[in-house]
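So for the sequence shown, our numbering puts the first residue at 1468; every next one is plus one.
Even for Gly, the Cβ is constructed at its ideal location relative to N, Cα and C.
Working notes, beginning with the structure itself.
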Amino acid sequence: MKLSVLQRLPEVPVAAIRVLIALVAVLLTAWPQWQAGGPGTQLVDEWLRDQLVRVQASDAPEERMAVIDIDESSLAKAGPWPWPRERLATLVEQLLGHYGARGVALDLVLPERADAGGDERLAVLAEHGPVVLPQAFDFNGNLPLRVGQLTGGAPGPRGGALAASGYVANHAGLGRAAHIGNIGFIPDQDGMIRRLPMQTWFEGRLFPTLSLALLGCCGGTTSSGSAAPAAGPTGGMAAGQGLRRLPYSRSWNAYAVIPAAAVLDLSAPAELIRDKLVLIGSSSLGLSDRVATPISANTSGLLVHAAALTAQLDARAGLAPSPWPGRAIALVYTGALALLTAWTLPRLSALANVALLCTAGALWLALAYVAAPHDAVFSTVGPLWSILFLLAAGVPFAWQQAQRQSRRLLGTLRQYVADAVVDELLRSDLADPLAPSLCEVTTLIADMQGYTSHVANLPLEQAAQLTRDFLDCLTGPVLAARGTLDKYTGDGLVAFWGAPLAVPDHADQALEAAEAIIAALRPFNAARAARGLAPVRVRIGIESGSAMAGDFGSSSRSIYTAVGDSVNVASRLETAARDYPYDVIVGPGTAALARRQPLRRIGETLLRGRDRPTTLYTLAALAPAEGMP
1468 MKLSVLQRLP EVPVAAIRVL IALVAVLLTA WPQWQAGGPG TQLVDEWLRD QLVRVQASDA
1528 PEERMAVIDI DESSLAKAGP WPWPRERLAT LVEQLLGHYG ARGVALDLVL PERADAGGDE
1588 RLAVLAEHGP VVLPQAFDFN GNLPLRVGQL TGGAPGPRGG ALAASGYVAN HAGLGRAAHI
1648 GNIGFIPDQD GMIRRLPMQT WFEGRLFPTL SLALLGCCGG TTSSGSAAPA AGPTGGMAAG
1708 QGLRRLPYSR SWNAYAVIPA AAVLDLSAPA ELIRDKLVLI GSSSLGLSDR VATPISANTS
1768 GLLVHAAALT AQLDARAGLA PSPWPGRAIA LVYTGALALL TAWTLPRLSA LANVALLCTA
1828 GALWLALAYV AAPHDAVFST VGPLWSILFL LAAGVPFAWQ QAQRQSRRLL GTLRQYVADA
1888 VVDELLRSDL ADPLAPSLCE VTTLIADMQG YTSHVANLPL EQAAQLTRDF LDCLTGPVLA
1948 ARGTLDKYTG DGLVAFWGAP LAVPDHADQA LEAAEAIIAA LRPFNAARAA RGLAPVRVRI
2008 GIESGSAMAG DFGSSSRSIY TAVGDSVNVA SRLETAARDY PYDVIVGPGT AALARRQPLR
2068 RIGETLLRGR DRPTTLYTLA ALAPAEGMP
C-alpha cells in the first residue's frame, strides 16, 4: 500500500510544477507592466525601446518647423559666445520680420543683464510678439536653485504636473515676457532623455514645457488665421500634464537645421522658415547643451524640444498613433504562449521546444515593434523575460521529465529483453518502443514436465530452489539469443522475438534459444543425477506469425506482452510435446521462416481449437530420446 502511494506521488508535483511554470511566466510579463521591476529590469526595457525607436525613426522632412543653430560655424563668423543681446534681438527680428516665421522659441536662458539696448529689444519682442523665452526648472531638490526672476505660469492645482524644487530664469528685465516655456528635464538612470515634463508645478503655478508654450504663443492658428486641431492623447506623448515619453518619431536628419549666421546675413533659404515654428538654440560644444537620446548618444538639447514639438503637432493634426492596450497585448501574448508551451513541453523534444520559444521571442519583437508607438507605458521586455524563464526553467524541467521517463522505460525494457537489445533500441528511431503494434514474432513457451511430481515431497525451500535453478536454465539462453521475456508461468516462461525490435531472423533466434536451453539442462540434470535425483524434462513449443505486441494493462499495472493466434499455437505445441519424445515442437509458421536451423518433420496433430491437423517439426539435431526422464 505504501509503495503504491509513493509511486503515484511524483505525478502530482509534475502537474503542479507545470502549472507553476506557466503562472510564473505570466507574472514575469505582468511584473514590469506596472513598473514593479527593479532598476535593472527598467534599464533593459528602455534599451529595447531605444532600439525600436531608432529603427522606426523616419527621415521624412519635418516641414512644420525650423531649427536655428548657433553652431561652431556661426560662432566663427559672428563672434564667440556670449553674443551681444543686440545680435540675439536682430536674429529674432529677422526670423519674424524678414523670413515670416510663425513663432520663435529660444532654448537659451539669459539670467544676467547685458547691453541695455539689446535686452530692451528682446523684452519688447517677448512681450508683444510670438516669442517664447525659456526658463529651466530644477527637479533635483538637493540644492534648490533660484537664479533670475521667475516669470509666467498660471495658478492652479498640481494635478499630475511634475513638482520642481528650483529654477534658473531670465533676468528681471525680461520679466514682461508673455510666454515662458520650461526647458528643464529629468534624465533616466542611464542619462538618456526619454521623457519631458509637459507641465511643471512650482509654488502654486503651472508652467508648460517649451513646445507647448510655443504652440500657445501662436494661438493655435496658422499665419493665414485658420484654426489648428485641438491637442489630444497619442500613443507616444499626450498634450497633458506630467512626465511624458517622447516618441522621437523623426530622426535628426528630418529637421531643417539652419546656422544662425545664415539668418543674420539673410542667406538662409526663406522657404525653410516662412510660416514655420522656429526653435533657437546651440549645438556648440562650448555651450555644453549636449544630451543623450535614443536617437543619438550625443546631440544638441535643442533637438529634444524639436522632437517634443513634432509630437505635439502630430497630436493636433491627428497623425499620432492611436492608443493601444499594450499591457493587455503583452499579457494575452504571454498567457497564450504559456498555455501552448504547457502542451508542447511534455510532447516535443527539447530542441523543438527551444526552437518554438525562440520563434515566439522573434514574433514578440515584431509585435512590440508595431505596438510600441501606440503605447508609451507598457513594458516591451516583459514577454521576453517570460520566454527566457521558459527556456531556463520550463525546457530543462521537461527534458528532466523526459529523461526520467526514458530511464523508467529503459528499466522496464531491461526486465524483458537483453541489454544488447536495449542498446540497439536506443540507437533506433522508435519514439515509444513499448507502444502496442502489430508485429511478426516467433513465440517460445517452455515449462517443466511433471513439475508437481518433482516438488511434491520437497520442503518449501528446496522446491523454490529447484524452480529458480530451472528458470535460470530457461532465462539465460532466451536473453542471450536477444529474446524478449514476456512472463514467468510458475515453472516455465513465455518469450518472443521480433518485438519491440523488429528482426528478420526472429524464427532462427528462437530455435537457437531452444537448442541452448536443451544444452543448459544437460549439466543441470547431471548435477541432479549426482545427488541421486531424477532428471527434469523441458517442453518447448515454438510458432511464428502475426501478433499484437506492446505494453498492455490498466493504469495501475501493465505488462509488455504479445497476444495473437501464433502465441496460442505455441502454447498448444508446448502442451503437445508431452505426447512426443521430443523436447522441442516447432509449428509450420516457424518452419517456413527458419534458415539457419535445420528441422525435421515429426508428424501431424489436431491442436485444440483447430479445424485441420497441424504439421509438427523438431530440431534435426535433437535425438528422440533427448530430455526423456
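Proline 1624 and proline 1664 have their alpha carbons spaced roughly 16 Å apart. Distance between alanine 1923 and alanine 1996, taken at the CA atoms: about 18 Å. Contact check for aspartate 1536 and valine 1724: beta-carbon distance about 5 Å, within the 8 Å limit, so the pair qualifies.
For proline 1528 and methionine 1659, the gap between their C-alpha atoms comes out near 24 Å. The C-beta of histidine 1646 has 16 or more other C-beta atoms within 10 Å across all chains shown, which makes the residue buried. Proximity to asparagine 1820 across Pro1792, Leu1855, Glu1979 and Gly1849 peaks at Leu1855, based on C-alpha coordinates. DSSP places tyrosine 1800 in no beta strand (DSSP E) but in the uninterrupted alpha helix (DSSP H) bounded by 1793–1811.
Setting aside the 5 residues that flank it on each side, alanine 1774 is surrounded in the same chain by Leu1713 and Tyr1715, each with a C-beta closer than 6 Å to its C-beta; the list follows chain order. For serine 1541, the enclosing alpha helix (DSSP H) covers residues 1539–1545. With 16 or more other Cβ atoms inside 10 Å of its own Cβ, proline 1850 counts as buried. Minimum Cα-Cα distance from arginine 1741 among the listed residues Ala1568, Ala1986 and Ile1985 corresponds to Ala1568.
In the three-state reduction of the DSSP assignment, glutamate 1530 falls in the strand class, which pools E and B.
Residue burial is scored here from C-beta neighbours: histidine 1772 has at least 16 other C-beta atoms within 10 angstroms and is therefore classed as buried. When DSSP states are grouped into helix, strand and coil, asparagine 1765 belongs to the coil group. Around the Cβ of alanine 1962, a 10 Å sphere holds 16 or more other Cβ atoms; the residue is buried. Of the residues assessed, valine 1837 falls on the exposed side of the cut-off, its CB having fewer than 16 other CB atoms within 10 angstroms. Look at the stretch 2052–2095 and you find these whole runs of beta strand (DSSP E), each 3 residues long or longer: 2066–2072 and 2081–2086. For asparagine 1649, the enclosing beta strand (DSSP E) stretches over residues 1647–1649.
In the structure shown, aspartate 1953 adopts extended strand secondary structure according to DSSP, grouped into three states. In the three-state scheme derived from DSSP, where H, G and I count as helix and E and B as strand, proline 1601 is classed as strand. If you draw a 10 Å sphere on the C-beta of aspartate 2032, you find fewer than 16 other C-beta atoms in it, and that means exposed. Residue environment: valine 1486 is assigned as exposed (fewer than 16 neighbouring CB atoms within 10 Å of its CB, all protein chains considered). In the structure shown, tryptophan 1668 falls within a strand segment according to DSSP collapsed to helix, strand and coil. Taking 7 Å as the cut-off, the Cβ atoms of alanine 1721 and alanine 1729 do not count as close. Here the C-alpha atom of threonine 1496 lies approximately 14 Å from the C-alpha atom of alanine 1827.
Out of Gly1950, Pro1967 and Leu1682, the CA that lies nearest to the CA of serine 1904 is found in Pro1967. Judged by DSSP in its simplified three-state form, glutamate 1907 adopts strand.
Straight through space, the alpha carbons of leucine 1641 and glutamate 1587 are spaced by roughly 8 Å. DSSP lists Leu1663 as the bridge partner or partners of arginine 1711. For arginine 2006, the enclosing beta strand (DSSP E) has its first and last residue at 2004–2020. For leucine 1946, the enclosing alpha helix (DSSP H) has its first and last residue at 1927–1947. Residue environment for cysteine 1825: exposed (fewer than 16 other C-beta atoms within 10 angstroms of its C-beta). Taken through DSSP and simplified to helix, strand or coil, aspartate 2046 comes out as helix. Among the bridge pairs identified by DSSP, glycine 1507 is matched with none. Selection Gly1950, Thr2085 and Val1758 evaluated against alanine 2029 yields Gly1950 as nearest (Cα-Cα). With contacts defined by Cβ atoms closer than 7 Å, glycine 2017 and alanine 1902 form a contacting pair.
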